[in-house]
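K.L.:
There's a structure below that I have some questions on.
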Amino acid sequence: MLDPGKIIFHMNPINSVVKPALLSMRRPVFLLIVLMRCAVPALWAQGSGVVEGRVVNGTDARIAAAGVDLDVIGLGGGMTVLKSAVTGPSGRFRIEGLPTGPPLMIRANYQSVNYHSRFSLDASGKASVEVEVFEATTSMKDIRVEGVRLGFQLDGDHLRAVETYSFVNETKPKKTFASNRGSFRFTKPAGIAEPPRLSAQGPGAPMPLTQTPLESADGQSYYSLYALRPGTTTFELDYVLPYHDRTYTYRKNFYQDVDFFQIGVIPQDVAVTGEGLKRIQVDVAKNFAVYTGGPLKAGSEMAVTFAGGTPTAAGESSEGSAEPRIRPMPTSVGRYTPIVGPLLLMVFIVVLWYAYNNVPAKQPKDSRTRELRQKHEQLLQFVASLDQKYENKEMERREYHRLRTHAKSQLRRISLLLGKK
Numbered sequence: 083m084l085d086p087g088k089i090i091f092h093m094n095p096i097n098s099v100v101k102p103a104l105l106s107m108r109r110p111v112f113l114l115i116v117l118m119r120c121a122v123p124a125l126w127a128q129g130s131g132v133v134e135g136r137v138v139n140g141t142d143a144r145i146a147a148a149g150v151d152l153d154v155i156g157l158g159g160g161m162t163v164l165k166s167a168v169t170g171p172s173g174r175f176r177i178e179g180l181p182t183g184p185p186l187m188i189r190a191n192y193q194s195v196n197y198h199s200r201f202s203l204d205a206s207g208k209a210s211v212e213v214e215v216f217e218a219t220t221s222m223k224d225i226r227v228e229g230v231r232l233g234f235q236l237d238g239d240h241l242r243a244v245e246t247y248s249f250v251n252e253t254k255p256k257k258t259f260a261s262n263r264g265s266f267r268f269t270k271p272a273g274i275a276e277p278p279r280l281s282a283q284g285p286g287a288p289m290p291l292t293q294t295p296l297e298s299a300d301g302q303s304y305y306s307l308y309a310l311r312p313g314t315t316t317f318e319l320d321y322v323l324p325y326h327d328r329t330y331t332y333r334k335n336f337y338q339d340v341d342f343f344q345i346g347v348i349p350q351d352v353a354v355t356g357e358g359l360k361r362i363q364v365d366v367a368k369n370f371a372v373y374t375g376g377p378l379k380a381g382s383e384m385a386v387t388f389a390g391g392t393p394t395a396a397g398e399s400s401e402g403s404a405e406p407r408i409r410p411m412p413t414s415v416g417r418y419t420p421i422v423g424p425l426l427l428m429v430f431i432v433v434l435w436y437a438y439n440n441v442p443a444k445q446p447k448d449s450r451t452r453e454l455r456q457k458h459e460q461l462l463q464f465v466a467s468l469d470q471k472y473e474n475k476e477m478e479r480r481e482y483h484r485l486r487t488h489a490k491s492q493l494r495r496i497s498l499l500l501g502k503k
């Protein structure tokens, strides 16, 4: 065991006066670092729990999932890897020494794609788990874009934007799309100051994963390497556009066929023009307007111009003081938690669109229900993270109640809509 007080780094200080200070600080600083590193595993003390099971190939059951890397992850208080293992020749595994209290998840990495399965240990401290993995493909055949929704809110001399895209993977036999050229590509908006915030959530993922998108070599687009597993994968973007001259032309290339797209705008008096655009709803009370367009083929460009609009006061919202102005804010769960502002804005937009029943008939009703349920689950995760942040005294009481009230309001709306289906 290393004595933290005897850890020595050879330094060549620029000034000899600095050297004594560094020496005097060395022992307590490194002791603190070592103690902090030792404290992390203590949160997840080794227990007597055992999980066993197997990894199965959902593309072809005859392919044994041998040599697959596994991680057992603790879900309480963050995503912590507790144990690691590798499957045997038949895809089976057994992992011991797990804590018996909190919820756990097993992650399998197969062909560079992660697959997840949550589990809880029973009263005897045991659990049986099956993790389904799929062969990878670089073909987009039988993978379609089901919904494209763009939300824009005027904020002073900027437009805050949120976009959602849902990819439905219906490959037969089931396969996962994974390519080093990216699974989801989108145009780099003109005048954008920083890369967009991107979150992605696939089937079976416990919560969205936030990441920084990669920029193309020509600087014209961004892309994500997040794999498209069988089922529905949703991407959400959050970024800020310049609106200094009270006008902005938004140009976007589509890299897949799109049956339709929708644009939500706050406030409703922002003039929105573009080829093929049709305004389908204006709500003066909620200060909100919805436009629709499409279909568009892969390779098509959409150009939409925004102009004017009545600025809203800071903190003012479409529904009164309970509604926060949209702004990015990370939660205590970390990089796996959706960004607060964009999530609430997009939920608000989605709820209003569905409430007016103006979604084009081309989108199946069951897919709308599925998306509402997904938003409902994300909001529940958000409320839980707010509670944790407040309990840890990481958030002011006023801000906590404001955001929680807003989130609960959106949950009630979604519950009402789901009750009608």
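Residue numbers 83 to 503, in this note's numbering, belong to the letters of the sequence shown in order. Every residue, glycine too, gets a C-beta built ideally from N, C-alpha and C. Keep in mind the model is a prediction, meaning the values are calculated, not measured.
With 16 other CB atoms within 10 Å as the buried threshold, where does residue 311 fall?
P.N.:
Working through the sequence shown from its first residue, we reach residue 311 at position 229. So residue 311 counts as buried.
K.L.:
On the CB-based measure, 16 or more other CB atoms within 10 Å of its CB, does residue 385 come out buried or exposed?
P.N.:
Mapped onto the sequence shown, residue 385 falls at position 303. With fewer than 16 other Cβ atoms within 10 Å, it is exposed.
K.L.:
Would you mind stating whether residue 290 and residue 321 have Cβ atoms separated by less than 8 Å?
P.N.:
The residue given as residue 290 occupies position 208 in the sequence shown. The residue given as residue 321 occupies position 239 in the sequence shown. In this structure, residue 321 does not lie closer than 8 Å to residue 290 by Cβ.
K.L.:
Which residue or residues does DSSP assign as beta-bridge partners of residue 197?
P.N.:
Looking up residue 197 in the sequence shown gives position 115. DSSP lists 190 as partners of residue 197.
K.L.:
Does DSSP classify residue 114 as helix, strand or coil?
P.N.:
Reading the sequence shown from its first residue, position 32 is the one you call residue 114. Bear in mind that the predicted position of residue 114 carries a pLDDT of just 42, short of 50, making it unreliable; the figure below should be weighed with that in mind. If DSSP states are grouped into helix, strand and coil, residue 114 belongs with the helices.
K.L.:
Let's test the definition: count the other Cβ atoms within 10 Å of the Cβ of residue 425 and tell me whether it reaches 16, buried, or not, exposed.
P.N.:
Translated into positions along the sequence shown, residue 425 becomes position 343. Residue placement at residue 425 is poorly supported in this model, since its pLDDT is 45, which falls under 50; the coordinates still yield a value, given next. Buried, since its Cβ has 16 or more Cβ neighbours within 10 Å.
K.L.:
When DSSP builds the beta bridges, which residues end up paired with residue 577?
P.N.:
In this structure the chain extends from 83 to 503, so residue 577 is not present and cannot be described.
K.L.:
If you follow the beta strand (DSSP E) that residue 335 is in, where does it begin and where does it stop?
P.N.:
Taking the first residue of the sequence shown as 1, we reach residue 335 at position 253. Element bounds for residue 335: 329-335.
K.L.:
Which residues in the same chain have their Cβ closer than 8 Å to the Cβ of residue 224, if we skip the five residues on either side of it in sequence?
P.N.:
Sequence index remark: in the sequence shown, residue 224 carries index 142 (1-based). Only 251, 252, 253 and 254 meet the Cβ criterion.
K.L.:
Name the residue from 233, 484 and 388 whose alpha carbon lies nearest to the alpha carbon of residue 319.
P.N.:
Within the sequence shown, residue 319 is the residue found at index 237, counting from 1. Selected option, being the one with the closest Cα: 233.
K.L.:
DSSP three-state call for residue 465: helix, strand or coil?
P.N.:
Indexing the sequence shown from 1 puts residue 465 at position 383. Of the three classes helix, strand and coil, the one that applies to residue 465 here is helix, per DSSP.
K.L.:
Provide the residue(s) that pair with residue 131 in DSSP beta bridges, ordered along the chain.
P.N.:
Position 49 of the sequence shown holds residue 131. 180, per the DSSP bridge assignment.
K.L.:
Expressed to the nearest angstrom, what Euclidean distance is found between the alpha-carbon atoms of residue 398 and residue 302?
P.N.:
The residue labelled residue 398 in the question sits at position 316 within the sequence shown. The residue labelled residue 302 in the question sits at position 220 within the sequence shown. With a pLDDT of 44 at residue 398, under the threshold of 50, the modelled position of this residue cannot be trusted, and the question is left open.
K.L.:
Hey, how far is the Cα of residue 294 from the Cα of residue 206?
P.N.:
Locating residue 294 in the sequence shown gives position 212, counting from the first residue. Locating residue 206 in the sequence shown gives position 124, counting from the first residue. Taking the straight line joining both Cα atoms gives about 42 Å.
K.L.:
Where does residue 479 sit, in a helix, a strand or coil, going by DSSP?
P.N.:
Position 397 of the sequence shown, counting from 1, holds the residue named residue 479. It is helical.
K.L.:
Relative to the alpha-carbon of residue 188, which residue among 132, 171, 263 and 228 has its alpha-carbon at the smallest distance?
P.N.:
As a first step, residue 188 must be located in the sequence shown, where it is residue number 106. Closest by alpha carbon: 132.
K.L.:
Please work out which residues of its chain come closer than 6 Å, Cβ to Cβ, to residue 145, disregarding the five sequence neighbours upstream and downstream, and give them in chain order.
P.N.:
Taking the first residue of the sequence shown as 1, we reach residue 145 at position 63. Excluding sequence neighbours, residue 145 sits near 139.
K.L.:
Per DSSP, what kind of secondary structure is residue 489 in: helix, strand or coil?
P.N.:
By one-based count along the sequence shown, residue 489 stands at place 407. DSSP places residue 489 in helix when its eight states are reduced to three.
K.L.:
Whole beta strand (DSSP E) runs in the region 196-259 with 3 or more residues, listed along the chain?
P.N.:
Fully enclosed beta strand (DSSP E) runs of 3 or longer: 208-215, 225-237 and 240-251.
K.L.:
I'd like to confirm the pairing. Which residues does DSSP put opposite residue 304 in its beta bridges?
P.N.:
The residue given as residue 304 occupies position 222 in the sequence shown. DSSP output for residue 304 lists 268 and 297 as bridge partner(s).
K.L.:
Give me whichever residues DSSP pairs with residue 346 in a beta bridge.
P.N.:
Mapped onto the sequence shown, residue 346 falls at position 264. Answer is 233 and 372, bridged to residue 346.
K.L.:
Helix, strand or coil, according to DSSP, for residue 338 in the structure here?
P.N.:
Numbered from its first residue, the sequence shown carries residue 338 at position 256. Residue state, collapsed to three classes: coil.
K.L.:
Hey, would you say residue 135 sits closer than 8 Å to residue 198, going by beta carbons?
P.N.:
Here residue 135 refers to the residue found at position 53 when the sequence shown is read from its first residue. Here residue 198 refers to the residue found at position 116 when the sequence shown is read from its first residue. No, Cβ-Cβ distance for residue 135 and residue 198 is not below 8 Å.
K.L.:
Ignore the nearest five residues each way along the sequence and tell me which others in residue 105's own chain have a CB closer than 6 Å to its CB.
P.N.:
Counted from its first residue, the sequence shown places residue 105 at position 23. Caution is warranted here: a pLDDT of 42 is assigned to residue 105, below 50, making its placement in the model unreliable, and the coordinate value is therefore given only provisionally. If we look at residue 105 and ignore the five residues flanking it on each side, it has no Cβ neighbours.
K.L.:
Based on the DSSP output, what are the partners of residue 137 in its beta bridges?
P.N.:
Walking along the sequence shown from the start, residue 137 turns up at place 55. Note: residue 137 sits in a beta bridge opposite 213.
K.L.:
Could you name the residues of the same chain whose beta carbon sits closer than 6 Å to that of residue 229, not counting the 5 residues immediately before and after it, in chain order?
P.N.:
In the sequence shown, counting from the first residue as 1, residue 229 sits at position 147. The answer, listed in chain order, is 248.
K.L.:
Assuming residue 165 and residue 217 are in contact, meaning their beta carbons sit under 8 Å apart, how far apart are those beta carbons, in whole angstroms?
P.N.:
Along the sequence shown, one-based indexing puts residue 165 at 83. Along the sequence shown, one-based indexing puts residue 217 at 135. About 27 Å separates the two Cβ atoms, so there is no contact after all.
K.L.:
Run through DSSP, which three-state label would residue 472 get?
P.N.:
Against the sequence shown, residue 472 aligns to sequence position 390. Residue 472: helix per DSSP, three-state reduction.
K.L.:
Mapping the DSSP letters down to three states, classify residue 357 as helix, strand or coil.
P.N.:
As a position in the sequence shown, residue 357 is number 275, starting the count at 1. Looking at residue 357 - three-state DSSP - the assignment turns out to be coil, as it is neither helix nor strand.
K.L.:
Taking C-alpha atoms, which residue in 391, 271 and 465 lies nearest to residue 336?
P.N.:
Translated into the one-based positions of the sequence shown, residue 336 becomes position 254. Checking every option, the nearest Cα to that of residue 336 belongs to 271.
K.L.:
Only counting the same chain, and skipping five residues up and downstream in sequence, which positions put a Cβ closer than 6 Å to that of residue 364?
P.N.:
In the sequence shown, counting from the first residue as 1, residue 364 sits at position 282. Counting only Cβ-Cβ distances below 6 Å, and skipping sequence neighbours, we find 350 and 371.
K.L.:
Does the Cβ-Cβ distance between residue 454 and residue 492 come in under 8 Å?
P.N.:
Working through the sequence shown from its first residue, we reach residue 454 at position 372. Working through the sequence shown from its first residue, we reach residue 492 at position 410. The answer is no: Cβ separation not under 8 Å.
K.L.:
Drop a sphere of 10 angstroms on the beta-carbon of residue 130, count the other beta-carbons inside from all chains shown, and report buried for 16 or more, exposed for fewer.
P.N.:
Numbered from 1 along the sequence shown, position 48 holds the residue referred to as residue 130. So residue 130 ends up on the exposed side.
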